[in-house]
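Trainee: Numbering-wise (our numbering), the sequence shown opens with residue 166 and increments by one.
One structure, pasted below without further comment.
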Amino acid sequence: MDSVATEDRKIDRLPASVTILKGVGPRLAERLERLGIHTVQDLLFHLPLRYQDRTRVLPMGALRPGDEAVVQGEVQLAEVRHGRRPMLLVRVSDGTGSLTLRFFHFTAKQRDALTRGLRLRCYGEVRTGPATLEMIHPEYQPAAGDVAEPAERSLTPIYPTTEGLHQLTWRALTEQALARLLTAGTVEEWLPASWLRVKHWPTLAEALHYVHRPPPDAPLADLAAGRHVSQQRLAFEELLAHHLSLRRLRERVQHHRAPRIAPAGALREAFFASLPFALTGAQRRVVDEILVDLGRPHPMQRLVQGDVGSGKTVVAAAAVLAAVEAGHQAAVMAPTELLAEQHHRNFSTWLAPLGVAVTGLAGKLNSKSRAAALAGLADGKVRVAVGTHALFQQDVAFQGLGLVVIDEQHRFGVHQRLALWEKGQNHHGYPHQLIMTATPIPRTLAMAAYADLDCSLIDELPPGRQPVDTVVVPAVRREVIVERVRSACREGRQAYWVCPLIEESEALQCQAAVDTIATLRLALPEMRIALVHGRLKSGEKDAVMSAFTAGEVDLLVATTVIEVGVDVPNASLMVIDNAERLGLAQLHQLRGRVGRGSQHSACVLVYQPPLSRAGRARLGILRQTNDGFEIARKDLEIRGPGEVLGTRQSGLLALKIADLVRDQAMIPQVERAAAALLRDHPTHVGPLIRRWLGEAVQFGDV
Ligand code: ADP
Ligand code: MG
């Protein structure tokens, strides 16, 4: 049995500073600090990226290209070859075979030292050379004794590093840190001993020692894959720390008051009745889940996941109307101006007939209309504001904000989101939050990434939707594509032609769109073609989008600004240039702009040959499936969760050792473990979070 009492008596001592280690002067300390390493503990949690096996000296005869190996032999020949630049070539042999060491840079001292007969021990990567196997710029040293003398006592860790910080420095530092592993104030064990026993896990000290200095017989393949029990134990602890930090965020939010919004519903019912369609079962279920949350006296924090086109906007509108009917205001925030303007149009069309005033706060309103909008929000005449994050600028004041809706949340980091939410505080408490995302992720992953949120899923598309036919076409067949556009538009349909990021430059992207529209206008003189990109003024963008929505434009040439949210059901053809350069999720989002009506839709993915294998695989996946979950799963395998969830920038879930895909099976256990730790060892929670996430992640005192 654990003794809870003794464990809890362990205080979270201030861990020893790295400056107590030998060789850490002010300069090195500052460098380490920039990497977030302040304490000896931080250093121990700076984990190796990979390992080299220098524990055995290999016979040269057994080397294969690609091996990283230690060899030992005698110099047979050393010569400087004078080509365009001089090169030092040293032939060494050990009786089983021979090897050439090739140096493009060398000093006179090196040249003079490497003479025939000298015994050398070398470490490097083996490659195929013109005549023999070679090592280019190997590490080497004169070898004293015989081959039996072990090279290294453990596998050699390779640490993530920055320029000017040598691997030898990392090894020297971690060596000293490991020597202090068992000294009080270095690292504390925060997992209960009973867990370790049940899972047959090493202690924290054992696990850290193992991953920093694996023994010569360690299973390299397991280590490389992160599947060794020591790594798994650390990964579990890391996932636990992240989970606990999200739970803590959630609890802090839950701690606050929010206005109780009764599920009255006259406005909502009037709204539903005004729609030309009935809600799907999934939409109705999610609306009900939201209404239950809104009826509680604490802030709702609900995430609605739903594939592209599943009808999230209507669900958001129902929530907005609930808040409005209860006498509160609502704010709807979108990640781009284009989407904010579209939402503004939609919400105005839907809500104005019900007597609910909506205002748009995207981009650069002229100062007069902005002042009017602000006055309306401040005195409460305006009930709903739709905009970008401009909504939360200093001068925007609400009379009584009861609900914040954030659309396409993967564009906003957790902390950004909470900061915005905090600004909504008023005498009723804090607003409810509804977050919507079209990046569906597997359930276990959602549990890890969104542990601070309740999740709802719209797992049904409106009836009559037909899957979008997807074809992959090389750019040389542009004529054929142009013909498709012509025939779609002749039938009264509309089309998009997307010119995505060619360079990491907005200006160049716009240029590509400008060039494309010029050629398309020549090829399709009878069509009404318009252009929209991020550099247009917001009024211009709005005008183009309204014209496209109204059917006054046949073909819309666009940059990826139309990626999220844009909804024009009559558009049935999507052409995406340079599709091989885009990620799966982005392509799925773009394709989701069509297939929104009941007519048959198509998506043409245009690529510039040659197509890489990965590129072919990616485009193939889109051809095979229209299912956002399936695509997200594949995307996760290809790009990893940081990219897919958009959490890389926000730093959340920037994991050191765990891998959300590889370690998915742990996640349900992590959730249970978190509950147990909070219940039985609450004092361990803070230090555990700090160990893995540092101080930065603790969201200010909410
Ligand atoms: P997303 O989930 O991608 O944000 P939208 O809210 O933009 O999807 O909805 C996509 C389209 O489907 C819109 O034109 C919307 O009016 C329509 N729609 C939403 N719900 C239904 C429904 N239950 N039946 C038919 N069409 C619907
Ligand atoms: Mg949407």
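Beta carbons: idealized from backbone N, C-alpha and C, even for Gly.
Given a cut-off of 9 Å on the beta-carbon distance, is the pair D387 and F794 in contact?
Mentor: Contact flag unset, no.
Trainee: Run the proximity test for A603: is its beta-carbon closer than 8 Å to any non-hydrogen atom belonging to the ligand MG?
Mentor: Yes.
Trainee: By alpha-carbon positions, which one of H597, R643, I623, L242 ends up nearest to I606?
Mentor: I606 has its Cα closest to that of I623, out of H597, R643, I623, L242.
Trainee: Pull up the distance between the alpha-carbon of I741 and that of T327, whole angstroms please.
Mentor: If I take the Cα positions, the gap works out to 38 Å.
Trainee: DSSP puts F944 in a beta bridge; with which residues?
Mentor: Outside the modelled stretch of the chain, which goes from 166 to 867, sits residue 944, for which no answer is possible.
Trainee: In terms of residue numbering, what span does the alpha helix (DSSP H) encompassing F437 cover?
Mentor: Unbroken alpha helix (DSSP H) run through F437: 431-439.
Trainee: Considering only residues of the same chain and omitting the five flanking positions on each side of D572, which have a CB-CB separation below 6 Å?
Mentor: Within the same chain, D572 has close Cβ partners A499, M601.
Trainee: Just confirm the distance between the C-beta atoms of R425 and R378, as a whole number of angstroms; I'd bet it's less than 8 Å.
Mentor: Actually they are not in contact, since the Cβ atoms of R425 and R378 sit about 58 Å apart, beyond 8 Å.
Trainee: Please report how far the alpha carbon of P295 lies from the alpha carbon of A337, in whole angstroms.
Mentor: Approximately 38 Å between the Cα atoms of the pair.
Trainee: When you compare only the Cα positions, how much space is there between V240 and L223?
Mentor: V240 and L223: Cα-Cα distance of roughly 17 Å.
Trainee: For the 8 Å Cβ check, are there 3 or more pairs between the region 272-288 and the region 243-253?
Mentor: Contact between the region 272-288 and the region 243-253 is present, because at least three Cβ pairs lie under 8 Å.
Trainee: Given a threshold of 16 other Cβ atoms within 10 Å of its Cβ, counted over all protein chains shown, does L568 qualify as buried or as exposed?
Mentor: L568 comes out buried.
Trainee: Using the Cα positions of E299 and H247, report the straight-line distance between them to the nearest angstrom.
Mentor: Roughly 18 Å separates the two Cα atoms.
Trainee: Using the C-alpha atoms, what's the distance from L721 back to G699?
Mentor: For G699 and L721, the distance between alpha carbons rounds to 14 Å.
Trainee: Output needed for K477: all residues of its chain with C-beta closer than 8 Å, excluding positions within five of it in sequence on either side, in chain order.
Mentor: Contacts found: V469, G471, D572, M601, A603, I623.
Trainee: Using DSSP's beta-bridge definition, name the partner residues of M601.
Mentor: DSSP lists V469, D572 as partners of M601.
Trainee: Just to confirm, is the Cβ distance from A660 to L738 under 9 Å?
Mentor: Yes, Cβ-Cβ distance for A660 and L738 is below 9 Å.
Trainee: Evaluate S763 with the Cβ neighbour count: other Cβ atoms within 10 Å of its Cβ, from every protein chain shown; 16 or more gives buried, anything less gives exposed.
Mentor: Result: exposed.
Trainee: How about V485 and V561: are their beta carbons less than 9 Å apart?
Mentor: In this structure, V561 does not lie closer than 9 Å to V485 by Cβ.
Trainee: Alpha carbon to alpha carbon, what distance is there between S395 and L820?
Mentor: One C-alpha to the other measures close to 16 Å.
Trainee: Measuring CB to CB, does W355 end up less than 9 Å from R398?
Mentor: No; because the gap between Cβ atoms is not below 9 Å, this pair is not in contact.
Trainee: Among E454, V418, E717, which one has its Cα closest to the Cα of L585?
Mentor: Per the Cα distances, V418.
Trainee: Given the structure, does K533 come close to the ligand MG, in the sense that its CB is under 8 Å from one of the ligand's heavy atoms?
Mentor: No, since every heavy atom of the ligand MG falls outside the 8 Å radius drawn around the Cβ of K533.
Trainee: Can you give the Cα-Cα distance for V547 and R535, rounded to whole angstroms?
Mentor: Each residue's Cα considered, the two are about 13 Å apart.
Trainee: Within 10 angstroms of the Cβ of N531, are there 16 or more other Cβ atoms? Answer buried if so, exposed if not.
Mentor: It is exposed - the Cβ of N531 has fewer than 16 other Cβ atoms within 10 Å.
Trainee: Rounded C-beta distance between G474 and L626? I'm assuming under 8 Å.
Mentor: Correct: roughly 6 Å between the Cβ atoms.
Trainee: Keeping to the same chain, check which residues put their C-beta closer than 8 Å to that of R658; ignore five residues upstream and five downstream.
Mentor: Around R658: N735, A736, S737, L738, Q764.
Trainee: Hey, V236 and R221 are a contact pair by Cβ (cut 8 Å); roughly how many whole angstroms apart?
Mentor: Not a contact, Cβ separation roughly 10 Å.
Trainee: Measuring CB to CB, does A616 end up less than 9 Å from H407?
Mentor: The answer is yes: Cβ separation under 9 Å.
Trainee: On a Cα-Cα basis, can you pick out the residue from A438, V731, H846, R693 that is closest to D707?
Mentor: Ranking A438, V731, H846, R693 by Cα distance to D707 puts V731 first.
Trainee: Just reading off the beta strand (DSSP E) that T265 is part of, what are its end residues?
Mentor: Per DSSP, T265 belongs to the beta strand (DSSP E) from 263-268.
Trainee: Are the CB atoms of L556 and A614 within a distance shorter than 9 Å?
Mentor: No.
Trainee: Is C654 helix, strand or coil by DSSP?
Mentor: Residue state, collapsed to three classes: helix.
Trainee: According to DSSP, is V489 helix, strand or coil?
Mentor: Here V489 sits in helix by DSSP.
Trainee: How would you call V363, buried or exposed, if buried means at least 16 neighbouring beta carbons within 10 angstroms?
Mentor: Exposed, since its Cβ has fewer than 16 Cβ neighbours within 10 Å.
Trainee: Check for me: the beta strand (DSSP E) holding Y595 runs from which residue to which?
Mentor: Premise fails: Y595 is in no beta strand (DSSP E) and is neither H nor E.
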